[in-house]
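S.K.: Numbering (this note's numbering), first residue to last: 1 to 347.
Sharing a structure with you now.
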């Protein structure tokens, strides 16, 4: 058994989840989540007014109802499936590493994970943001919370970070391995790659060219990853979609990339998932399969938003069959991939 002080901590980071599927618990969660200036990136006073005057008056009840549709005995699906990964990754990495799960908002918290590592004498920590594609509102906010917490301690821990893995071969192959049997069994005639959406202003903020590269209407800006778009969420999503379509052997025109979960009336990255799903039957699509490759664990956004609401919309508009492809969750190949990503960051 390796002594605790020679071990490396591995901190799995995800956005978070309410503690219960109730309006009160959801309100607490949303207040913390949407109060983050990286998530709702508008000036402090307008953000407070929008959050407390509009969003928190109506959205907690709506979101609680959605959570009630997917809640399990073990809690929210995100927590349950993230725990599966935590357990599997610990077994794969062995005694040289100690794996903990933490959420940017809610529980288990990042401070509790740092306290745990300190109590175990673990000063070297690998931060593993569980977001394949970089966005300031996800990877950025998780890392900022960890950096801020670490910098406030007299004895600062030594941190390293697993970078975005949006076209990692192991991740792509795992998604394909999960999806192939379903696509074959249902004889899908179209595949949807639905990614979480972002306001277009947040994508433009990541443009390293000073604003002249990203979000061209012909998508030429996302054709390859270059210096200007190396941190562009849309470009990384496009790279994921291309890689997964190629691995699945999908021909051009047999798949579509869309963006889901938009909030409010401002312009988010398009095309929108809900609008696309509604229109596909009118274009002759009868059997639709949907991946959500921005999520490594199934959650409200995959199970309820895509697996329930998008399915209902597709069928109501003339579709015949709709299947949500499960996420990576605790799949053995994904666990192997995650272990490789950790070891390459901190051997």
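All C-beta atoms, glycine included, are put in the ideal place defined by N, C-alpha and C.
Please state if the CB of residue 199 and the CB of residue 164 are separated by a distance shorter than 8 Å.
M.R.: No, Cβ-Cβ distance for residue 164 and residue 199 is not below 8 Å.
S.K.: So the beta strand (DSSP E) residue 188 belongs to, where does it begin and stop?
M.R.: No beta strand (DSSP E) contains residue 188, which DSSP labels as neither H nor E.
S.K.: Measuring alpha carbon to alpha carbon, tell me which residue in 38, 124, 214, 123 is nearest residue 229.
M.R.: Residue 214 is the option with its Cα nearest to residue 229.
S.K.: So, with DSSP's three-state summary, where would you put residue 196?
M.R.: Strand at residue 196.
S.K.: Alpha carbon to alpha carbon, how far is residue 291 from residue 244? Give it in angstroms, no decimals.
M.R.: Taking the straight line joining both Cα atoms gives about 10 Å.
S.K.: Are the CB atoms of residue 162 and residue 128 nearer to each other than 8 Å?
M.R.: Yes; because the gap between Cβ atoms is below 8 Å, this pair is in contact.
S.K.: Taking the straight line between their C-alpha atoms, what separation do you get for residue 74 and residue 256?
M.R.: Rounded to the nearest angstrom, the two C-alpha atoms are 34 Å apart.
S.K.: Would you check if there are 3 or more beta carbon pairs closer than 8 Å linking the segment 100-110 to the segment 205-221?
M.R.: Result no; under three Cβ-Cβ pairs closer than 8 Å.
S.K.: Any beta carbon of chain B sitting closer than 8 Å to that of residue 311?
M.R.: The question asks about chain B, but that chain is absent: this structure has only one protein chain.
S.K.: Residues in the same chain with beta-carbon distance under 8 Å from residue 89, minus the five sequence neighbours each way, listed in chain order, please.
M.R.: Result list for residue 89: 10, 12, 99, 335, 338, 339, 342, in chain order.
S.K.: From residue 52 to residue 21, what does the alpha carbon distance come to, in whole angstroms?
M.R.: C-alpha separation (whole angstroms): 20 Å.
S.K.: Hey, would you say residue 77 sits closer than 8 Å to residue 70, going by beta carbons?
M.R.: In contact: residue 77 and residue 70 (Cβ atoms closer than 8 Å).
S.K.: Figure out for me which residue from 119, 239, 38 has the closest Cα to the Cα of residue 144.
M.R.: Looking at the Cα atoms, 38 is the closest of the given residues.
S.K.: Nearest-angstrom Cα distance between residue 247 and residue 166?
M.R.: C-alpha separation (whole angstroms): 14 Å.
S.K.: Tell me which residue opens and which closes the beta strand (DSSP E) that residue 17 is part of.
M.R.: Note, residue 17: beta strand (DSSP E), 8-17.
S.K.: The alpha helix (DSSP H) with residue 48 in it runs from where to where?
M.R.: Taken as a continuous stretch (DSSP letters only), the alpha helix (DSSP H) holding residue 48 covers 44-50.
S.K.: Taking the C-alpha atoms as reference points, what is the distance between residue 328 and residue 224?
M.R.: Going from the Cα of residue 328 to the Cα of residue 224 covers about 25 Å.
S.K.: Residue 318 and residue 271 - do their beta-carbons sit closer together than 8 Å?
M.R.: Not in contact: residue 271 and residue 318 (Cβ atoms no closer than 8 Å).
S.K.: In whole angstroms, what is the alpha-carbon distance linking residue 286 and residue 26?
M.R.: Roughly 36 Å separates the two Cα atoms.
S.K.: Hey, could you find the ends of the alpha helix (DSSP H) residue 88 is sitting in?
M.R.: Segment 77-93, the alpha helix (DSSP H) holding residue 88.
S.K.: For residue 255, which of helix, strand or coil comes out of DSSP?
M.R.: Reduced to three states, the DSSP call for residue 255 is strand.
S.K.: Under the three-state reduction of DSSP, which class applies to residue 208: helix, strand or coil?
M.R.: DSSP places residue 208 in coil when its eight states are reduced to three.
S.K.: Within the same chain, show all residues whose beta-carbon is closer than 6 Å to that of residue 231, passing over the 5 residues directly before and after it, in chain order.
M.R.: Closer than 6 Å at Cβ, skipping near neighbours: 134, 206.
S.K.: Quick one: is residue 305 buried, meaning 16 or more other Cβ sit within 10 Å of its Cβ, or exposed?
M.R.: Its Cβ being crowded by 16 or more others within 10 Å, residue 305 is buried.
S.K.: Within 10 Å of its beta-carbon, does residue 63 have 16 or more other beta-carbons around it, so buried, or fewer, so exposed?
M.R.: Classification for residue 63: buried.
S.K.: Using alpha carbons as the reference points, say which of 50, 277, 283 lies closest to residue 307.
M.R.: For residue 307, the nearest C-alpha among the options comes from 277.
S.K.: Look at the Cβ atom of residue 346, then the Cβ atom of residue 124, and state whether they are nearer than 8 Å.
M.R.: In contact: residue 346 and residue 124 (Cβ atoms closer than 8 Å).
S.K.: Are the beta-carbon atoms belonging to residue 175 and residue 293 less than 8 Å from one another?
M.R.: Yes, these two residues count as a Cβ contact at 8 Å.
S.K.: For the ligand MN, is there any heavy atom lying closer than 7 Å to the beta carbon of residue 98?
M.R.: What this structure holds is no ligand at all, so the ligand MN is not there to describe.
S.K.: Going by DSSP, what residues sit across from residue 343 in a beta bridge?
M.R.: None, per the DSSP bridge assignment.
S.K.: Out of 262, 196, 212, point me to the one whose CA is closest to residue 238's CA.
M.R.: Residue 196 is the option with its Cα nearest to residue 238.
S.K.: Tell me residue 124's beta-bridge partners as DSSP assigns them.
M.R.: Answer by DSSP bridge pairing, in chain order: 8, 158.
S.K.: Could you tell me which of 35, 322, 344 sits nearest to residue 185, measuring between CA atoms?
M.R.: Selected option, being the one with the closest Cα: 322.
S.K.: Give the range of the beta strand (DSSP E) segment to which residue 98 is assigned.
M.R.: Note, residue 98: beta strand (DSSP E), 97-106.
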